[in-house]
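Count along the sequence shown from 1, add 116, and you get the number used in this note's numbering. All residues carry an ideal CB built from backbone N, CA and C; glycine is no exception. Quick notes on the structure that follows.
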Amino acid sequence: MCFLRMNNRIRAFVLALNLSISFCGVYGCSSRQAETGAADNNGINTEAATDDNTGEASDSENGEDATSAEEADNTEQIAVIGYHGYPTLEEDGLNSLLAAKDLGDDYVWIGVQDGKLESLQDSIKLVKGELEGYESIRSTARPELKVCIEFEDTETDEELLTKVINLVSEEGMSDRVIYASAQYDSLQSIKDMNSNSQILYIVSTWTKDVISECPADYYGISSDFVSQDILDQIHNSGSKVFALEADTLASIRDAIAIGVDGVVTGDSGIAIVAVNTRFDEFLSNLESTVTLPWLYSDDETDDDFVVQGFTDTGDVLVVSAYDKKGEKTSIVYLFTREGELLHRVDMQTMAHAGGLAFDERNDLLWITGENGHVLAAPWKEVLDGSFAGDYVTDFDGELVNHGGSHVASFIGMYDGDLYVGSYCIGQSGKLRKYDVSDSSNPVMVKEVDIPDCIQGVTFYRDDEDKEFMILSQSHEVDDAHLLTFEYGEDIDSYDEPLRSELMPEGSENLQMTDEGLYILFESGSKPYRETARVPNDKLYLMKR
């Protein structure tokens with residue numbers, strides 16, 4: 117018999133997992149259909165138009181052929197195990213499972229305690245897409261979702277073990293389940309019933325005899341405790357290691373660096389990005405993140421919206437989004453830095469809403485409109501939710517994209533001036549500077565060339581009073597880039613950046629603030645999660 121007593125810290129952690137369901141995932145590569153740029157008056161994307169200028173990109177463009185050259189560097193075999201970053205899901209296990217499956221996780225972690233099997237049966241049926249009311253659950257990039265079932269009782273219950281194993285077998289899930297427990301007796305019983313069952317032993321201490329006395333397919337060890345030596349011992353035996361309590365980016369990265377096979381984390385959203393080690397440099401500058409709250413709301417009206425624009429008003433964060441189906445008008449979400457959704461505001465336009473900018477001097481919220489127009493809404497009306505579509509300014513930016521369509525793809529504010537840009541594929545875009553001191557009569561001051569596939573612009577001034585421009589560059593499922601240029605009124609073309617930083621796919625608007633650089637990503641939006649290579653459900657704040 118093998119039994120290692122858990123210390124209080126680890127015991128508290130395991131009890132913390134006693135949500136009905138938490139989840140994990142093994143993230144690899146897939147493709148997603150990406151839509152970028154502005155929309156025409158029918159809500160159809162025109163910036164990603166094909167050469168025939170139909171306004172829609174072909175399936176081959178956006179799907180199988182649109183993979184990144186860096187994709188081969190993906191760390192495909194690292195499991196991400198943990199509870200999701202949006203805390204209101206804690207009270208509803210099925211919603212947690214839905215979020216895990218919908219985001220693209222490959223494992224869900226289901227706790228069983230006190231002989232209760234009803235929630236387990238519902239969970240397994242939900243995994244299979246057969247639970248009544250959940251049959252239409254969105255498929256993921258890896259449709260064969262797997263399950264880790266943890267027996268949380270402190271004593272072995274042979275009757276419960278038998279019932280669970282029989283249930284799993286009846287549901288045809290035996291080859292998609294790992295059984296976990298801190299009680300080795302329970303795991304040994306499972307192996308005795310079926311030697312092909314996969315078991316994960318949660319341990320709190322380690323000696324060289326653990327492997328021989330407590331053989332298991334997987335070992336779960338605290339991220340504070342797991343070491344290269346322990347890892348090598350387990351790997352040399354042919355088993356795998358999951359690092360527990362990897363609740364920070366630092367602990368996740370440390371665990372990945374020594375070669376663990378999985379990380380148990382309180383934030384799988386950031387872990388999804390971290391397991392792709394090609395983003396190490398980008399993540400080294402991460403200050404904090406905010407999970408976009410509406411991505412996990414019960415309001416079905418959010419399901420079809422794709423995020424685009426972002427601005428920080430000082431007190432409130434604002435994100436714009438358009439309806440992927442082209443049926444509903446675009447909206448903005450107002451939320452706090454803590455991720456609390458304040459409210460949604462209908463902007464009464466079918467535009468792609470690719471850009472947002474807060475104009476503090478004029479107390480306006482600028483937003484990109486239809487057919488290359490730029491609109492200004494009274495900020496107070498947006499803030500209190502009373503905005504009814506009465507824009508105080510509407511002007512034509514007179515920009516076109518690679519297909520000849522009139523667009524205003526993104527905007528930004530700097531030193532009281534408004535910048536309007538065009539997203540172009542395969543050729544340089546344009547960026548125009550407007551004097552909006554008289555907001556009712558914007559005056560163009562300058563136009564410059566910028567690289568292709570630009571989704572957002574922001575500026576900053578360093579301690580030596582030098583000015584810099586940062587551009588967000590992304591296209592379909594390719595990895596994105598953060599481009600930094602020295603900025604000057606005498607420069608007419610920006611083509612060679614001082615620095616180019618690799619980012620996850622789907623970067624959109626960005627804004628430099630006193631806190632750092634905010635970057636928004638669209639790949640976590642529900643219409644794109646199904647095929648996103650690296651679904652990203654967070655707003656990032658980067659050190660600068």
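Counting along the chain, no beta strand (DSSP E) covers THR278; the unbroken alpha helix (DSSP H) around it starts and ends at 274-286.
GLN627 carries a strand assignment under DSSP once its states are collapsed to helix, strand and coil. Of the residues assessed, ARG615 falls on the exposed side of the cut-off, its CB having fewer than 16 other CB atoms within 10 angstroms. A distance below 7 Å between beta-carbons, with the five flanking residues on each side excluded, links PRO613 to the following residues of its chain, in chain order: LEU599, THR600, PHE601. Here TRP410 carries a helix assignment [DSSP, helix/strand/coil].
Of the residues LYS546, SER555, VAL293, ASP551, the one whose Cα lies closest to the Cα of VAL564 is LYS546.
Taking a cut-off of 8 Å for Cβ pairs, the stretch 622-634 and the stretch 643-660 touch, as three or more such pairs fall below it. Taken atom to atom, the span from the alpha-carbon of MET628 to that of GLY542 is near 27 Å. CA-CA distance, SER404 to LEU657, rounds to 5 Å. Per the Cβ contact rule, the stretch 493-503 is not in contact with the stretch 386-398 (fewer than 3 Cβ pairs under 8 Å).
Using a Cβ-Cβ distance cut-off of 8 Å, the stretch 473-480 and the stretch 447-463 are not in contact, since fewer than three pairs of beta carbons, one from each stretch, lie closer than that value. Just so you know, the alpha carbons of SER446 and THR417 end up roughly 12 Å apart.
The DSSP-derived three-state label of GLY382 is coil.
Under the DSSP assignment, ILE566 falls in the beta strand (DSSP E) whose first and last residues are 559-566. Cβ atoms of ALA469 and ALA437 come within 8 Å of each other, at about 7 Å. Taking C-beta atoms as the reference points, VAL561 and TYR539 fail to come closer than 8 Å. Taken through DSSP and simplified to helix, strand or coil, TRP495 comes out as helix. Leaving aside the five residues that flank HIS597 on each side, the residues in its chain whose CB is nearer than 7 Å to its CB run, in chain order, GLN589, SER616, GLU617, LEU618, MET619.
Annotation: GLU287 to TYR535 spans about 57 Å, alpha carbon to alpha carbon. When the alpha-carbon of VAL559 is set against those of ASN282, SER384, ASP533, PHE575, the nearest one is in ASP533. In this structure, LEU347 sits away from ALA332, with a CB-CB distance that is not shorter than 8 Å.
For ILE368, the uninterrupted alpha helix (DSSP H) segment begins and ends at 365-374. In the three-state reduction of the DSSP assignment, ILE607 falls in the coil class.
Note that the C-beta distance between ALA387 and VAL376 is not below 8 Å. Of all alpha-carbon atoms in SER521, PHE426, TYR644, the one lying nearest the alpha-carbon of GLU592 is that of TYR644. With a minimum length of 3 residues, the unbroken runs of beta strand (DSSP E) contained wholly in the stretch 321-347 fall at 334-338.
For the pair PHE526 and THR484, the CB atoms are nearer than the 8 Å cut-off. Going by DSSP, ILE240 is part of the alpha helix (DSSP H) stretching over 234-244.
The Cβ-Cβ distance between GLY640 and ASP630 does not fall below 8 Å. Bounds of the beta strand (DSSP E) holding LEU655 are 654-658. In this structure GLY336 is not in contact with ILE350, their Cβ atoms being roughly 11 Å apart against a cut-off of 8 Å. Distance check between GLN571 and each of ASP238, LEU636, SER609 places LEU636 closest, using alpha-carbon atoms only. When secondary structure is reduced to three states using DSSP, GLU416 falls in the helix class. Counting along the chain, GLU397 sits inside the alpha helix (DSSP H) bounded by residues 396-399. With fewer than 16 other Cβ atoms inside 10 Å of its own Cβ, ARG577 counts as exposed. The continuous alpha helix (DSSP H) containing ASP308 extends over residues 300-309.
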